[in-house]
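Colleague: Quick one: the structure is below, questions incoming.
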Amino acid sequence: MQELPAIEGGKPIRPNPLRYKPWITDDDIKLVIDVLKSGQLSAIGGRWNTALEQELTKYLSTRHAITVSNGTTALHVALKAVGVGPGDEVITTPFTFAASATTILHSNAIPVFADINKETLNIDPASIEEAITDRTKAIVVVHLAGYPAEMNDIMKIAQERGLYVIEDTAQALGAAYRGKMAGSIGHVGTLSFYPTKTITTGEGGAVVTNDDEIARSAKLLRNHGETGKYYYELIGYNYRMTEFQAALGYSQLMRIEEIIRHKETFAKVLMEEIQDVENDLIQFPRPKPYIRHAWHLFQLLLNLEKLRVSRDRVVDALRAEGIEASTVAYPIPLHKEPIIMNMANHGKGCPWSCPYYGKKVSYGPLPNAEWAAERVVTILLGPLYTTEDAVDTAKAIKRVLNYYRR
Ligand SMILES: Cc1ncc(COP(=O)(O)O)c(C=O)c1O
Numbered sequence: 003m004q005e006l007p008a009i010e011g012g013k014p015i016r017p018n019p020l021r022y023k024p025w026i027t028d029d030d031i032k033l034v035i036d037v038l039k040s041g042q043l044s045a046i047g048g049r050w051n052t053a054l055e056q057e058l059t060k061y062l063s064t065r066h067a068i069t070v071s072n073g074t075t076a077l078h079v080a081l082k083a084v085g086v087g088p089g090d091e092v093i094t095t096p097f098t099f100a101a102s103a104t105t106i107l108h109s110n111a112i113p114v115f116a117d118i119n120k121e122t123l124n125i126d127p128a129s130i131e132e133a134i135t136d137r138t139k140a141i142v143v144v145h146l147a148g149y150p151a152e153m154n155d156i157m158k159i160a161q162e163r164g165l166y167v168i169e170d171t172a173q174a175l176g177a178a179y180r181g182k183m184a185g186s187i188g189h190v191g192t193l194s195f196y197p198t199k200t201i202t203t204g205e206g207g208a209v210v211t212n213d214d215e216i217a218r219s220a221k222l223l224r225n226h227g228e229t230g231k232y233y234y235e236l237i238g239y240n241y242r243m244t245e246f247q248a249a250l251g252y253s254q255l256m257r258i259e260e261i262i263r264h265k266e267t268f269a270k271v272l273m274e275e276i277q278d279v280e281n282d283l284i285q286f287p288r289p290k291p292y293i294r295h296a297w298h299l300f301q302l303l304l305n306l307e308k309l310r311v312s313r314d315r316v317v318d319a320l321r322a323e324g325i326e327a328s329t330v331a332y333p334i335p336l337h338k339e340p341i342i343m344n345m346a347n348h349g350k351g352c353p354w355s356c357p358y359y360g361k362k363v364s365y366g367p368l369p370n371a372e373w374a375a376e377r378v379v380t381i382l383l384g385p386l387y388t389t390e391d392a393v394d395t396a397k398a399i400k401r402v403l404n405y406y407r408r
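The sequence shown begins at 3 in this note's numbering and counts up one residue at a time.
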């Protein structure tokens, strides 16, 4: 007997919906309150930003960590710190959050998109090679969903072609690639501490690097380019994180492994429970033996040919079952977004019609990214979900997909 999905009038699997919530403990709250009571709220003169930076360098094994106001400003700082500017091209993936590319535009450079690998959904090194021109300055690699990209291949290409590699590790703090922490492999890595990320400060981020020069520039860019009292060496920003945010981040970082273990358990149970529809109705990136997945998102790819409804109907149906953690990341690959398609200039013609560029870029089809964007269903993984939550999520997926099977 076919079970009727809730969206078709059946009884929802979850009367109490599964919703994402960050994990904030009493210790987190106490520390933030203590900082608020201390009156030292800004990083200038405070100690919590330094403490968070020190712990990040230990956790990631990098020489430097520089806290900033969010993951977007972290990318902007990283791009500028490696010298990306007008006339440069930067290669990135189209299957990511907008900030991976808009920060290239903020730096007045041209984003160029390479296609993705259909198995991991990460940027494909072979496609990077095809996208390199004499203008290419850097590659922004995104470890999508917490799954690290093929860094060995990417670093080899970068070395051969003299390019900088920026690891957008917004979604992958805690992930590892062949024993190295994601974010610590390229020339510079960026982190986000948005509430859905591995650890959170509400809004927040960091730049990490082993390169002393990049670290110096990043610190200056974060704080107005000030090298002495009211002495400004380069045009910087105010991208600082507050002290109470840094304290929250520090407190969260103390239990990051526990946070990841919770998500790992959920993902393992979910993978086991949906095995019987794998390959037939769905596929999903399974971590290779040399990968440690940070499990920010669980990405399911629908076998649309075997279903009689659209992907959006499937997501609505999962939400109707009470799996409100289901969403779509990302429905439109960036090369199809209006900001790119229309080449909406900011400022007077830059970056696309910048005289330093003097070329015409075109954004052609990227079949793998388009394929993924059309069929991806995303479950946002939370640190507070239980094994029962994973079983319910699997039940909802199977109920919905089996019902809509052609
Ligand atoms: C891949 C990626 N890059 C960058 C960012 C930007 O981070 P933030 O939201 O902290 O500015 C995000 C955040 O969602 C992201 O997912």
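The beta-carbon is built from N, C-alpha and C at its ideal position, and this holds for glycine as well.
Please read all numbers here as calculations on a predicted model, not as lab measurements.
For a minimum of 3 consecutive residues, which ranges assigned as the beta strand (DSSP E) are wholly contained in the segment 183-262?
Modeller: 190-194, 207-211 and 228-230
Colleague: Starting from the C-beta of Tyr-179, find all residues in its chain whose C-beta is less than 6 Å away, skip the five residues before and the five after it, and write them out in chain order.
Modeller: Taking the sequence shown and counting its residues from 1, the one referred to as residue 179 is at position 177. If the five residues before and after Tyr-179 are omitted, its C-beta is found closer than 6 Å to the C-beta atoms of Pro-150 and Met-153, all from its own chain and listed in chain order.
Colleague: Assuming the contact rule is C-beta atoms closer than 8 Å, Ile-284 and Ile-276 should be a hit. Round their C-beta distance to whole Å, please.
Modeller: Counting from 1 along the sequence shown, the entry for residue 284 is found at position 282. Counting from 1 along the sequence shown, the entry for residue 276 is found at position 274. Correct: roughly 7 Å between the Cβ atoms.
Colleague: Taking the straight line between their C-alpha atoms, what separation do you get for Asp-117 and Gly-188?
Modeller: Position 115 of the sequence shown, counting from 1, holds the residue named residue 117. Position 186 of the sequence shown, counting from 1, holds the residue named residue 188. Rounded to whole angstroms, Asp-117 to Gly-188 spans 20 Å at the Cα level.
Colleague: Determine the contact status of Val-167 and Ala-67, defining contact as a CB-CB distance below 9 Å.
Modeller: As a first step, residue 167 must be located in the sequence shown, where it is residue number 165. As a first step, residue 67 must be located in the sequence shown, where it is residue number 65. Not closer than 9 Å, so no.
Colleague: If you measure from the CB of Val-144, is any heavy atom of ligand 1 nearer than 8 Å?
Modeller: To locate residue 144, count along the sequence shown from 1; it is residue 142. Yes, ligand 1 has a heavy atom inside 8 Å of this Cβ.
Colleague: Please report the residue range of the alpha helix (DSSP H) in which Leu-302 lies.
Modeller: In the sequence shown, residue 302 corresponds to position 300, counting from 1. Going by DSSP, Leu-302 is part of no alpha helix (DSSP H) but of the beta strand (DSSP E) stretching over 299-304.
Colleague: Tell me the DSSP bridge mates of Tyr-166?
Modeller: Working through the sequence shown from its first residue, we reach residue 166 at position 164. Looking at the DSSP assignment, Tyr-166 forms a beta bridge with Ala-140.
Colleague: Just how far apart, CA to CA, sit Leu-223 and Ala-208?
Modeller: As a working mapping, residue 223 is identified with position 221 in the sequence shown. As a working mapping, residue 208 is identified with position 206 in the sequence shown. Roughly 13 Å separates the two Cα atoms.
Colleague: Just to check, is the beta-carbon of Tyr-239 closer than 8 Å to a non-hydrogen atom of ligand 1?
Modeller: On the sequence shown, position 237 is the one that residue 239 refers to. Using a cutoff of 8 Å, the CB of Tyr-239 does not count as near ligand 1, since none of the ligand's heavy atoms is closer than that.
Colleague: I'd like to know if the segment 71-78 and the segment 121-136 are in contact, where contact means that at least 3 CB-CB pairs between them fall below 8 Å.
Modeller: The segment 71-78, when compared against the segment 121-136, does not touch it at the 8 Å Cβ threshold.
Colleague: At what residues does the alpha helix (DSSP H) containing Glu-152 begin and finish?
Modeller: What you label residue 152 is simply residue 150 of the sequence shown in a count that begins at 1. Per DSSP, Glu-152 belongs to no alpha helix (DSSP H) and is neither H nor E.
Colleague: Regarding Phe-195 and ligand 1, is the C-beta to nearest heavy atom distance less than 8 Å?
Modeller: In the sequence shown, counting from the first residue as 1, residue 195 sits at position 193. Checking the Cβ of Phe-195 against ligand 1 gives yes.
Colleague: In its own chain, which residues sit with a C-beta less than 7 Å from the C-beta of Thr-171, not counting the 5 before and 5 after it?
Modeller: Here residue 171 is taken as the residue at index 169 of the sequence shown, counted from 1. Within the same chain, Thr-171 has close Cβ partners His-145, Ala-184, Gly-185, Gly-191, Thr-192 and Leu-193.
Colleague: In the segment 14-66, which residue ranges form an unbroken alpha helix (DSSP H) of at least 4 residues, counting only runs that do not cross its ends?
Modeller: 28-40 and 50-62
Colleague: Quick check: the Cα distance between His-337 and Phe-115, rounded to an integer number of angstroms?
Modeller: For the purposes of this step, residue 337 is identified with residue 335 of the sequence shown, where counting begins at 1. For the purposes of this step, residue 115 is identified with residue 113 of the sequence shown, where counting begins at 1. One Cα belongs to His-337, the other to Phe-115, and the distance between them is close to 7 Å.
Colleague: Strictly by DSSP, which residues pair up with Gln-412?
Modeller: Past the boundaries of the shown model lies residue 412; the chain is included only from 3 to 408, so the question cannot be answered.
Colleague: Could you pull out every residue in the same chain whose Cβ sits closer than 8 Å to the Cβ of Glu-132, ignoring the five residues on either side in sequence?
Modeller: Locating residue 132 in the sequence shown gives position 130, where the first residue counts as 1. Correct list, in chain order: Ala-116.
Colleague: Could you tell me whether the segment 314-328 touches the segment 14-28, where touching means 3 or more Cβ pairs closer than 8 Å?
Modeller: yes
Colleague: With distance defined between alpha-carbon atoms, name the residue in Ala-248, Ala-319 and Ser-44 nearest to Glu-5.
Modeller: Here the question's residue 5 lines up with position 3 in the sequence shown. Ranking Ala-248, Ala-319 and Ser-44 by Cα distance to Glu-5 puts Ala-319 first.
Colleague: In whole angstroms, what is the alpha-carbon distance linking Phe-99 and Ala-331?
Modeller: Position 97 of the sequence shown, counted from the start, is the residue given in the question as residue 99. Position 329 of the sequence shown, counted from the start, is the residue given in the question as residue 331. Spanning the two alpha carbons is a distance of roughly 8 Å.
Colleague: Pick out whichever of Met-345, Leu-304, Leu-62 and Gln-247 has its Cα sitting closest to the Cα of Leu-175.
Modeller: Numbered from 1 along the sequence shown, position 173 holds the residue referred to as residue 175. Of Met-345, Leu-304, Leu-62 and Gln-247, the residue nearest in Cα terms is Leu-62.
Colleague: For ligand 1, any of its heavy atoms closer than 8 Å to the Cβ of Gly-12?
Modeller: Position 10 of the sequence shown, counted from the first residue, corresponds to residue 12. No, the Cβ of Gly-12 stays beyond 8 Å of every heavy atom of ligand 1.
Colleague: Examine the Cβ distances between the segment 369-376 and the segment 105-113 and report whether three or more of them are shorter than 8 Å.
Modeller: Output reads no: the segment 105-113 does not touch the segment 369-376.
Colleague: Compare the C-alpha of Glu-259 against each of Ile-201, Leu-303, Gly-238 and Tyr-241 and name the closest.
Modeller: Position 257 of the sequence shown, counting from 1, holds the residue named residue 259. Cα-wise, what sits closest to Glu-259 is Ile-201.
Colleague: Beta carbon of Val-37, beta carbon of Gly-206: below 9 Å?
Modeller: On the sequence shown, position 35 is the one that residue 37 refers to. On the sequence shown, position 204 is the one that residue 206 refers to. The answer is no: Cβ separation not under 9 Å.
Colleague: Whole angstroms are fine: how far does the CA of Thr-52 sit from the CA of Asn-305?
Modeller: Residue numbering aside, residue 305 sits at position 303 when the sequence shown is read from its first letter. Residue numbering aside, residue 52 sits at position 50 when the sequence shown is read from its first letter. In a straight line, the C-alpha of Asn-305 is about 48 Å away from that of Thr-52.
Colleague: Since Thr-74 is in the alpha helix (DSSP H), which residue starts that stretch and which ends it?
Modeller: Counting from one through the sequence shown, the residue named residue 74 turns up at place 72. Where Thr-74 is concerned, the enclosing alpha helix (DSSP H) stretches over 73-83.
Colleague: Check whether the Cβ of Asn-2 sits closer than 8 Å to any heavy atom of ligand 1, and report yes or no.
Modeller: The question about residue 2 has no answer, for the chain in this structure spans 3 to 408.
Colleague: Is the segment 86-99 in contact with the segment 220-237, if contact means three or more CB pairs nearer than 8 Å?
Modeller: no
Colleague: Smallest Cα separation from Pro-357: which of Pro-88, Ser-364, Asp-314 and Arg-263?
Modeller: Locating residue 357 in the sequence shown gives position 355, counting from the first residue. A check of alpha carbon separations from Pro-357 across Pro-88, Ser-364, Asp-314 and Arg-263 identifies Pro-88 as the nearest.
Colleague: Sorry if obvious, but does the Cβ on Glu-205 come closer than 8 Å to a heavy atom of ligand 1?
Modeller: Along the sequence shown, read from residue 1 onward, the residue named residue 205 stands at position 203. Yes, Cβ of Glu-205 sits closer than 8 Å to a heavy atom of ligand 1.
Colleague: Mind checking whether the beta-carbon of Thr-74 lies closer than 8 Å to any heavy atom of ligand 1?
Modeller: Within the sequence shown, the letter at position 72 stands for residue 74. For ligand 1, at least one heavy atom lies less than 8 Å from the Cβ of Thr-74.
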